[in-house]
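Reading through the structure tokens given below for one structure.
There are 2 protein chains.
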Amino acid sequence: MEKFSFVDRPSNQRIQLMNGISKNDSTNVELFLNFQWTYRNMQKVYDSILNENDLSESRFIILMFLKNASNHELLPSVISEKLGATRATVSKLLKAMETKGWIIKSSSTTDKRSIPVQLTTKGSKILEKFLPKNFNTVNQLFSSLTNEEIKQFTYLLSKIQKNTQKFASEMEK
Amino acid sequence: MEKFSFVDRPSNQRIQLMNGISKNDSTNVELFLNFQWTYRNMQKVYDSILNENDLSESRFIILMFLKNASNHELLPSVISEKLGATRATVSKLLKAMETKGWIIKSSSTTDKRSIPVQLTTKGSKILEKFLPKNFNTVNQLFSSLTNEEIKQFTYLLSKIQKNTQKFASEMEK
DNA sequence: TTTTTATGATTAGCCAGCTAACTACTTTTG
DNA sequence: CAAAAGTAGTTAGCTGGCTAATCATAAAAA
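Right under this line is the structure:
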């Protein structure tokens, strides 16, 4: 067992998860690992493109939110809702982005607790520069699939997603 | 644009990424988001099962490595290699696991820098308790797919993976 | 009107990932 | 043999995620 050595965690896990599982039972395990591995490698590539542009996924999304918002301005609480992250996380993210000059925080005239966040010209430029690269990267990542295969993949993902949500719902009971 | 509000980040991103992209060009973007969303939701479910057992993915893998190792013992450097993570990360992970009594660290007789790590009975019990749940969870997650669909999905993942690696290789130049 | 409850934003601490730096030890080179 | 280079493990600091707590403010209830 120790004669195997890998540098990619999902592949590492393959050996582990299959341990003690008979050959007949390993189909789903293998699929799980393949899914995980393929996704993570793809995400790694995407993240490195983000990183080249001084962005992370959350930063990118927040910039987009602000770009599309009225007056390029949103409250942190709204951002946290839309992002699906906690206010604590958003607070830290915004702090760093403010330091970089991508956003400015101001005072609300209607609510003293609120601190509206506005996109700066600098922040806008970072975003504009990244968008075509984003588009190109995503297209490149799926460039090997035919239209028919894309349709199939979409269908299968949808099926897995529905089942996952069902499973998650049952787990909450 | 602001009339949409989501609690799941990949879905959030959908709106953003599609902004400025014509309808004809959004297929790959949609696919990217679907892939991401489906995978992340599945991973979230899996992680919650790990969490119920006081485990994280890395902890689980490390326990498996040790379980399968000669004398249930490995060096941190070996673990970091097999896990595909840095020694710094492994050092912190092992520290916490030692605190929980899952592993013990000893002194190497052959190299004073080395600190062999051994699985304890407690650690072994944690693992044994989790393994059937691991198996059941993975099976449940793909229970909606037919054998034919599993084959299709595997093929498509493989295709994406190969292309991703090609893309990653080109990026390194 | 006053008190209680809810809300906005921030911070501390935890986790797991990383990089960089460090100390102690081992191996290689000159 | 001594010096240089390499290696094992750890720590500090950063990031982005979380929970819990906190303070100030606003809204609801009494």
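Going down the list, the protein sequences come from chains A and B.
UniProt numbering numbers the first residue of the first sequence as 1 and each following residue consecutively.
UniProt numbering numbers the first residue of the second sequence as 1 and each following residue consecutively.
All C-beta atoms, glycine included, are put in the ideal place defined by N, C-alpha and C.
Helix, strand or coil at residue i [DSSP, three-state]
| i | result |
| --- | --- |
| A:K3 | Note on A:K3: pLDDT 28, under 50, position unreliable in the model; no value is reported. |
| B:K67 | helix |
| B:K112 | coil |
| A:E148 | helix |
| B:K105 | strand |
| A:E73 | strand |
| A:L55 | coil |
| B:A85 | coil |
| A:S158 | helix |
| A:K95 | helix |
| residue 181 of chain B | The structure shown does not extend to residue 181 of chain B, since chain B is modelled only from 1 to 173, so the question has no answer here. |
| B:E128 | helix |
| B:S26 | coil |
Beta-carbon gap between residue i and residue j smaller than 8 Å
| i | j | result |
| --- | --- | --- |
| A:L63 | A:G101 | no |
| A:L141 | A:V78 | no |
| B:N163 | A:S144 | yes |
| B:V117 | B:L66 | yes |
| B:Q36 | A:Q152 | no |
| B:Q161 | A:T38 | yes |
| A:I126 | A:D47 | no |
Chain A contact for residue i (CB, 8 Å cutoff)
| i | result |
| --- | --- |
| B:E149 | yes |
| B:M171 | yes |
| B:I79 | no |
| B:W37 | yes |
| B:I103 | no |
| B:I160 | yes |
| B:F6 | Bear in mind that a pLDDT of 35 at B:F6, under 50, signals an unreliable position, so the model cannot answer this. |
| B:N53 | no |
| B:T121 | no |
| B:T110 | no |
| B:L66 | no |
Interface flag, residue i vs chain B, CB-CB below 8 Å
| i | result |
| --- | --- |
| A:L75 | no |
| A:A88 | no |
| A:Q118 | no |
| A:L92 | Per the sequence shown, the amino acid found at residue 92 of chain A is Lys instead of Leu. Not one chain B Cβ lies under 8 Å of A:K92. |
| A:F32 | yes |
| A:A96 | no |
| A:F130 | no |
| A:S107 | no |
Local Cβ density within 10 Å of residue i, reported as buried at 16 or more and exposed below that
| i | result |
| --- | --- |
| A:N134 | buried |
| A:A69 | buried |
| B:M171 | exposed |
| A:S80 | buried |
| A:R59 | buried |
| A:N51 | exposed |
| B:A88 | exposed |
| B:A85 | buried |
| B:N41 | buried |
| A:N34 | buried |
| B:N28 | buried |
Bridge-paired residues (DSSP) for residue i
| i | result |
| --- | --- |
| A:Q140 | According to DSSP, A:Q140 bridges with nothing at all. |
| B:V117 | B:L74, B:K105 |
Any non-hydrogen atom of the ligand FAD within 7 Å of residue i CB
| i | result |
| --- | --- |
| B:N28 | As presented, the structure is devoid of all ligands, the ligand FAD included, so that no description of it is given. |
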